[in-house]
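Undergrad: The structure that follows is given in the form of structure tokens.
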Amino acid sequence: MASRARVRAPELIGKGGWLNTGGNDLTLTDLRGRIVILDFWTFCCVNCLHVLDELRELEERHRDSVVIIGVHSPKFVHEADHQAVVDAVERYGVEHPVLDDPELATWKQYAVRAWPTLVVIDPEGYVVAQHAGEGHAHAIEALVEELIAEHGAKGTLRRGDGPYVPPEPVATDLRFPGKAVRLPGGTFLVSDTTRHQLVELAADGEEVLRRIGSGERGLGPDSFNEPQGLALLPDGTVAVADTVNHAVRVFDPATGTLETVAGTGKQWWQGSPTAGPAREVDLSSPWDLAWWQDRLWIAMAGVHQIWAYDPADGTVAVAAGTTNEGLVDGPAAEAWFAQPSGLAAAGDRLWIADSETSAVRWIERASDDAADGYVVRTAVGTGLFDFGHRDGAAEQALLQHPLGVTALPDGSVAVADTYNHALRRYDPASGEVTTLATDLREPSAAVLADDDIVVVESARHRLTRLRLPEEAVRVESVAHRTQRAATDIAPGTLRLDVVFQAPAGQKLDTRYGPSTRLLVSATPPELLADGAGAGTDLVRDLVLADGASEGVLHVSAMAASCDDAPDVEYPACHVHQQDWGVPVRITGDGAARLGLVLAGLDAE
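For reference, each letter of the sequence shown is one residue, going -15 to 588 in the numbering used here.
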């Protein structure tokens, strides 16, 4: 393992206080003698949700010596609301203490620049490792084993029960439902996400008729793992986006049978196949589904893409998106998405709720003659850092992390504007955005029922029926930008240095060429005079444009490492990947170097 810089871990501070501790405040002094893993996360971020799942096994295996602490560091304004954090901790089954840090105080103390980031603190209170992004569980497991051995021998390891205190369970028929579909008989099928079930409700949307699934996490014939999207298929069965199982299932309401049609149960990583027999291709957090043009389209939130499953030949393939996170329109293969989470088919368009860019977008044929050519366009939204609640012309309207879209009979689209607690409407004919309803607690989807629209109020654990209004509700316009502080950089040339140290027992995998990749872009694009684009070196000189004052640098880095054991014939290989969006401000006394830690510690 690389030599460790002796950096004392800063104290944990958060104005929102502590969750999952039985009302007790924690300090690092209280935790001395334990290995502490800080998980800097925000609940909008699908990569953060992946890390929560990656850490579950490690958390259980080393419960007597390791304490995981979630440091919730919000991106969106809604995520700074304490009750929203409380809800998210329950929604995603977080079984460790969480510090609610709405003002990013601890984030700043640890110089964190990306969600998610993991920081490892040894039993003596020193920072020994930092990892940005997901896919680091294997490296942290190895480090934990090493720290247990080292501090056990020194007598500085203290074993025992951790500070986690589970909250009291709450009895409701649904618990953080995700999506819903209306069955031909008039009843509703709802994904009861936190309870890992589907629930069929009567036509009134309230009476429970039956539950589908054991309620335990799993990929068996009677289990789900945080299911989300639902789509009614032509034969009357229902496709289910089994999100944390990274699979698409099909449920038959008539027989009660459940079948996996796509996915292996493993998460897709860079370098994995992007097309092939559906049961042999990995998926990544499918969030919603829609039947369109004789295929089942999949909002693949985990990799910022749209995929499609063809039941005629049993194959699945990428249909749009590059895996880069952002808002870029154009040919489907070149478009960028940011955690697409809602789909709705309407004639020649497939509508998309692109949550992290607070955008409504669509896919359509590139031309009448194109057999398989699609193009991506944006109706509402500008990028990763602008959001709010503003009606009016679509080009200046604002949403806040929408999770659902619903095609309306008049050709317009209803939008579950989740973090604004509102139902919005975009009308392609007029180009206007209006508000249909407010005071909806984290609406995540909506479904038509005759002359009504039934909204999934996820954080109120219910379906809410609304009459489609003839006139829109008027609300006061609000605009926001992400509250992360900008990094001051000097004009001229900026040295971008992505720090990657292969974890203990591993080495860079160079068997098939360079094992690293770096992609750089900027918002606005004119911020960079030189240095944008893709390459294999993790160090690059960026030339800032003359006269530029501020913007955002988008950095995507990947490194592949393999177990370095000469006696192992087929060593396991691991991919480390992270995307950063770094707000920057150009000043005369700014830094000439920008260091981003992918894995390891930044010595500079």
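Ideal placement from N, C-alpha and C gives every residue a C-beta, glycine not left out.
What does a CB cutoff of less than 6 angstroms around E184 pick up in its chain, not counting 5 residues either side in sequence?
TA: T171, L173, L193, R194
Undergrad: Using C-beta distances below 7 angstroms, list every residue in its chain close to V364, excluding the 5 sequence neighbours before and after it, in chain order.
TA: A343, V344, A378, A381, L383, Y410, V417
Undergrad: Inspect the beta-carbon positions of A223 and L273 and report whether they are closer than 8 angstroms.
TA: yes
Undergrad: Going by DSSP, name the residue or residues bridged to L580.
TA: Secondary-structure assignment with DSSP links L580 through a beta bridge to V482.
Undergrad: Assuming the contact rule is C-beta atoms closer than 8 angstroms, L502 and D481 should be a hit. Round their C-beta distance to whole Å, please.
TA: L502 to D481, Cβ: 10 angstroms. No contact.
Undergrad: I'd like to confirm the pairing. Which residues does DSSP put opposite G517 in its beta bridges?
TA: BP columns for G517 point to V504.
Undergrad: Just to confirm, is the Cβ distance from R577 to A470 under 8 angstroms?
TA: no
Undergrad: What beta strand (DSSP E) runs, 3 residues minimum, are completely inside the stretch 293 to 331?
TA: The beta strand (DSSP E) runs of length 3 or more contained entirely in the stretch 293 to 331 are, from start to end of the chain, 299 to 304, 324 to 330.
Undergrad: Assuming V103 and Q114 form a contact by the criterion Cβ under 8 angstroms, report the distance between their Cβ atoms to the nearest whole angstrom.
TA: Yes, they are in contact, since the Cβ atoms of V103 and Q114 sit about 5 angstroms apart, within 8 angstroms.
Undergrad: So what does DSSP say about K92, is it helix, strand or coil?
TA: K92: helix per DSSP, three-state reduction.
Undergrad: Would you mind stating whether G565 and V536 have Cβ atoms separated by less than 8 angstroms?
TA: yes
Undergrad: Starting from A72, trace the alpha helix (DSSP H) in both directions and tell me its first and last residue.
TA: 66 to 75
Undergrad: In this structure, what does DSSP give as the bridge partners for F371?
TA: H464
Undergrad: Can you say whether K138 is buried or exposed, counting buried as having 16 or more other CB atoms within 10 angstroms of its CB?
TA: exposed
Undergrad: Ignore the nearest five residues each way along the sequence and tell me which others in S(-13)'s own chain have a CB closer than 6 angstroms to its CB.
TA: Caution is warranted here: a pLDDT of 44 is assigned to S(-13), below 50, making its placement in the model unreliable, and the coordinate value is therefore given only provisionally. Taken in chain order, the list of residues that qualify is empty.
Undergrad: Once DSSP output is grouped into helix, strand and coil, what is the label at I593?
TA: Only positions -15 to 588 of the chain appear in the structure, and residue 593 is not among them; the question remains open.
Undergrad: Report yes or no: do the stretch 509 to 517 and the stretch 139 to 148 share at least 3 C-beta pairs separated by less than 8 angstroms?
TA: Three or more beta-carbon pairs separated by less than 8 angstroms are not found between the stretch 509 to 517 and the stretch 139 to 148, which leaves the two stretches without contact.
Undergrad: State the start and end residues of the unbroken alpha helix (DSSP H) segment that holds V360.
TA: For V360, no alpha helix (DSSP H) run applies; the uninterrupted beta strand (DSSP E) run containing it begins and ends at 358 to 364, by DSSP.
Undergrad: Closest to A529 by CA distance: which of L36, D547, T571, Q490 is it?
TA: Of L36, D547, T571, Q490, the residue nearest in Cα terms is T571.
Undergrad: Pairing CB atoms from the stretch 48 to 56 with CB atoms from the stretch 16 to 35, are three or more of them under 8 angstroms?
TA: Yes: at least three Cβ pairs fall under 8 angstroms.
Undergrad: Could you give the distance in angstroms between the alpha-carbon of V581 and the alpha-carbon of D525?
TA: C-alpha separation (whole angstroms): 17 angstroms.
Undergrad: Can you tell me whether DSSP reads C32 as helix, strand or coil?
TA: helix
Undergrad: Whose C-beta lies closer than 6 angstroms to the C-beta of S269 among residues of the same chain, with five residues either side of it excluded?
TA: Taking S269 as the centre and dropping the five residues before and after it, the same chain places the C-beta of V30, T227, A285, G286 closer than 6 angstroms to its C-beta, in chain order.
Undergrad: Using the Cβ count rule (16 or more neighbours within 10 Å means buried), how would you classify N8?
TA: For N8, the number of other beta carbons within 10 angstroms of its own is below 16, and it is reported as exposed.
Undergrad: Can you tell me whether DSSP reads K491 as helix, strand or coil?
TA: DSSP places K491 in the strand class (E or B) of the three-state scheme.
Undergrad: Just to confirm the assignment, what range does the beta strand (DSSP E) spanning A400 have?
TA: 397 to 401
Undergrad: Which word fits E38, buried or exposed, when buried means at least 16 other C-beta atoms lie within 10 angstroms of its C-beta?
TA: The residue is buried, with at least 16 neighbouring Cβ atoms inside 10 Å.
Undergrad: If we require 3 or more residues per run, which beta strand (DSSP E) segments fall completely within the stretch 223 to 252?
TA: 231 to 235, 242 to 246
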